[in-house]
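In the working numbering, the protein residues as written are 10 to 878.
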């Protein structure tokens, strides 16, 4: 939808073709009249994060030049227009209707200026909102409109009341209510004094919103639009903000269509996420607060103030991290690292406020999508040099996501109470394979962040967890399958069809999930038999047609299925995020030329044109599909999110210049580039030959010149084993994560208070309470020895955690050797699993944990102990 806003703005301002919708609010291609003219029913303030999530906190205005009694019905008041008479820019929107009425809009962060031009004597405005929930006050004497709106979709979690305040520069000659019943409270109209003579009547409306109070809406208007401001001065400021963003990339050799795509993609990328905070102070001494969508409300809202908890700080909202972590956040880190840090800190504010970081912020904790993808997104930014955010807060939020089972499905990782001990998410959780694989990728990011922060225990632990994807790989079928809690796969090989959608997979099928290990491409290749076998699997993927006739658990054909079919690239479904990295996985096969083939085909066919049915081939969620194109057009892609590397693809332009924030330029030259010359034949970096198919972030972010020699046929450039990008696995072996040796079939447990088994080794998280320390807990293998490399302790549901302890090993059960010792340890949360690296590992048949002190209680509670070997 053509949102006019400032980058990452508090509000969107947009034309609306369906003023009764909170989803598809602007569809000029549907519902046209007999002359095929589209029509607008309103102009609205919107906070739409996605049509699927729904809009919230809306307010609408519509001009009318009709004489006599005003008809408020949405179809009756709608005005038709020609597309040629509509201008949509990031900083400015204008439309001239067929009746010659014109509306213009330009934004600030919390406010906007509307300019309505009426050709005759009738000049009126109609006000309402989507669902007539709220209250409106019309004051013709002061020429103001104020009130509140309570519109919110079902997925607008935590959304509260929005307050509106508007002023007008023309005398009001008539006002009144519209409709009847409850609708009467939120609808109304104003008529204005017409201009003398034959001149058109121009009405300027200055409007601001607030989620805090009506008084704050007035303050926002005064802070952002001064008395001396005109429509043009406000527009110029908004334009300058966008030019700063859009001017970061300049290209040569692009068609008009490609330029439209380039700058539309930058616009979409920087439209989201959105500020959620307001200045409650002054311009000179700002004091930033927000009405919290995360904390418990303090009471019922009043007509002039929200009763949401008022929290100091800057918060950002409107982001689905599963949708955006792959490309949006890496793009922010490269193009605008300072802004990236500010955005990240605005999401870490979710954790500081409500204890968790959102999976999908709309604006609060929305319960949908898989993975806690902020974990890897924010780690990726930090590893790329973005440091101006609360990194310890981000790290703590990630650790909580990864080690604490949330009692609320809206936050954290589903099924963690089982998966953390099974090492995969079982089929008792919907979309279990996607949860497993996303968890591995997020753990990869946490591991690398832990290393950067000097946390060696968690570095090793999460690096090992990042390999847990192997537990869902079925060697018989060559695909990732759902596993039950008893370790059996959900389906037998003869019953499995990777073309079937749903079940164990999120918004896709087994084929599009088959390569969801971008952090360990070498390990994935090893599972298939090697790089050549992985290449063959990728080839088969792109050669196997998607017929959109196997909906699986969805029970019907969903739009992602038909979009994947219509792309006509085999099973590849670029319309949705899980597929976006797949073409770049050829980097791990020694066949980088196939990256060029696939990426160029996607760019040429999946983003072509700007007319009806063109532009994007599917969900453009919060800028993710836009950022994919931007990276691909530049010629490199953040395949391994959570690490500071990019895979080289095929640059689209003869020349592209990225003006970096540090004042340097990244220059990408490909002078003989064309529709035929898509293959990289050679690359020079700052004048020196470069024969790897990947680039470090440090090189690009420092400013560099990349000179590509392109050709019409594949070459042997970057095809050697040493040219492949870094991977979690660095050899030909199949990844073997550590496993828990404590199993009732493998051994038995005792403790210092008795010989009966203790439940802390059963993998269920059933907690046990022991006497006041010192105590010991022992596990003995029956017929073997094991070298425990790492162990975990899980705190109980109430205080009384291990604080000081010694882990010992023995082969006869009498003579004990200390293998690890800890003092002063703390568990930050209840039911938290913490990992510890064994200092002096050796092969032992018996292990004993001697706990000498607990924190804060006379009893000791433990939920689980793992011994990982």
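Cβ atoms here follow ideal geometry from the backbone N, Cα and C, with glycine treated the same way.
This one's a predicted model, so the numbers in the text were calculated from it and none came from an experiment.
Residue from the options whose Cα sits closest to the Cα of residue i
i	options	result
residue 200	630, 352, 71 and 557	71
residue 460	468, 61 and 181	468
residue 608	24, 653, 657 and 837	657
residue 267	616, 857, 672 and 807	616
residue 636	232, 605 and 612	612
residue 474	514, 526, 493 and 497	526
residue 291	452, 232, 762 and 55	232
residue 55	29, 777 and 862	29
residue 631	402, 240 and 282	282
residue 688	100, 507, 286 and 603	603
residue 779	792, 749, 481 and 805	805
residue 139	831, 840, 184 and 64	64
residue 74	567, 663, 131 and 709	131
residue 828	621, 856 and 813	856
residue 31	18, 41, 38 and 68	68
residue 77	409, 38 and 184	184
residue 122	229, 220, 81 and 25	229
residue 803	409, 662, 342 and 714	409
residue 854	246, 797, 715 and 777	797
Rounded C-alpha distance that separates residue i from residue j
i	j	result
residue 768	residue 509	40 Å
residue 644	residue 352	26 Å
residue 784	residue 867	12 Å
residue 114	residue 13	8 Å
residue 809	residue 490	39 Å
residue 619	residue 269	8 Å
residue 436	residue 524	20 Å
residue 559	residue 364	40 Å
residue 111	residue 127	7 Å
residue 304	residue 362	7 Å
residue 487	residue 497	16 Å
residue 564	residue 511	9 Å
residue 380	residue 451	8 Å
residue 416	residue 426	10 Å
residue 654	residue 275	22 Å
residue 592	residue 360	35 Å
residue 224	residue 432	53 Å
residue 15	residue 596	38 Å
residue 207	residue 27	34 Å
residue 727	residue 659	13 Å
residue 549	residue 589	17 Å
Integer Cβ distance of residue i from residue j, believed to fall under 8 Å
i	j	result
residue 108	residue 88	6 Å
residue 386	residue 444	In fact, because the Cβ distance is near 17 Å, the residues do not count as touching under 8 Å.
residue 455	residue 388	6 Å
residue 83	residue 44	Wrong, their Cβ atoms sit about 19 Å apart, outside the cutoff.
residue 598	residue 540	5 Å
residue 843	residue 814	Incorrect: roughly 12 Å between the Cβ atoms, too far for contact.
residue 411	residue 422	7 Å
residue 800	residue 758	Incorrect: roughly 14 Å between the Cβ atoms, too far for contact.
Distance cut-off 7 Å: residue i Cβ against heavy atoms of the ligand PLP
i	result
residue 789	This structure lacks the ligand PLP; in fact it carries no ligand of any kind.
Handout entry: Segments of 4+ residues assigned as alpha helix (DSSP H) that fall wholly inside the region 331 to 381
Key = 337 to 344 and 346 to 363
Exercise for the section: Count the CB pairs spanning the region 297 to 313 and the region 327 to 340 that are closer than 8 Å, and state whether there are at least three. Expected result: no
Handout entry: the region 752 to 768 touching the region 823 to 839, judged by at least three CB pairs closer than 8 Å
Key = no
Problem - Inside the region 494 to 540 only - alpha helix (DSSP H) runs reaching at least 4 residues - result: 519 to 522 and 530 to 537
Exercise for the section: Taking 8 Å as the threshold, find out whether the region 530 to 538 comes into contact with the region 574 to 586 through three or more Cβ pairs. Expected result: no
Exercise for the section: Check whether the region 433 to 449 touches the region 387 to 403, counting contact only when three or more Cβ pairs, one atom from each stretch, lie closer than 8 Å. Expected result: no
Exercise for the section: Say whether the region 690 to 704 touches the region 732 to 740, bearing in mind that this needs 3 or more beta-carbon pairs closer than 8 Å, one atom from each stretch. Expected result: yes
Handout entry: Completely contained beta strand (DSSP E) runs for the region 38 to 115, where each covers 3 or more residues
Key = 51 to 55, 68 to 73, 88 to 98 and 101 to 106
Exercise for the section: Could you say if the region 673 to 684 and the region 715 to 727 meet the contact criterion of at least three C-beta pairs nearer than 8 Å? Expected result: yes
Handout entry: Ordered list of beta strand (DSSP E) runs contained in the region 154 to 187, each at least 3 residues
Key = 171 to 177 and 181 to 185
Problem - beta strand (DSSP E) segments (min. 3 residues) lying fully within the region 745 to 775 - result: 756 to 760
Practice task
For the region 403 to 435, list the alpha helix (DSSP H) runs that are entirely contained and at least 4 residues long, ordered along the chain.
Solution key: 425 to 431
Exercise for the section: Count the C-beta pairs between the region 87 to 104 and the region 398 to 418 that are closer than 8 Å, then say yes if the count reaches three, no if not. Expected result: no
Practice task
Identify every run of the beta strand (DSSP E) within the region 267 to 305, keeping only runs that are complete inside it and at least 3 residues long; order them along the chain.
Solution key: 297 to 300
Exercise for the section: Report yes or no: do the region 161 to 177 and the region 312 to 325 share at least 3 C-beta pairs separated by less than 8 Å? Expected result: yes
Practice task
Write down every uninterrupted run of the alpha helix (DSSP H) in the region 630 to 665 whose length is 4 residues or greater and which is fully enclosed by it, in chain order.
Solution key: 633 to 643
Problem - Every unbroken alpha helix (DSSP H) within the region 783 to 871, with a cutoff of 4 residues, ordered by chain - result: none
Exercise for the section: Give, in chain order, every unbroken run of the alpha helix (DSSP H) that is at least 4 residues long and sits entirely within the region 215 to 248. Expected result: 223 to 233
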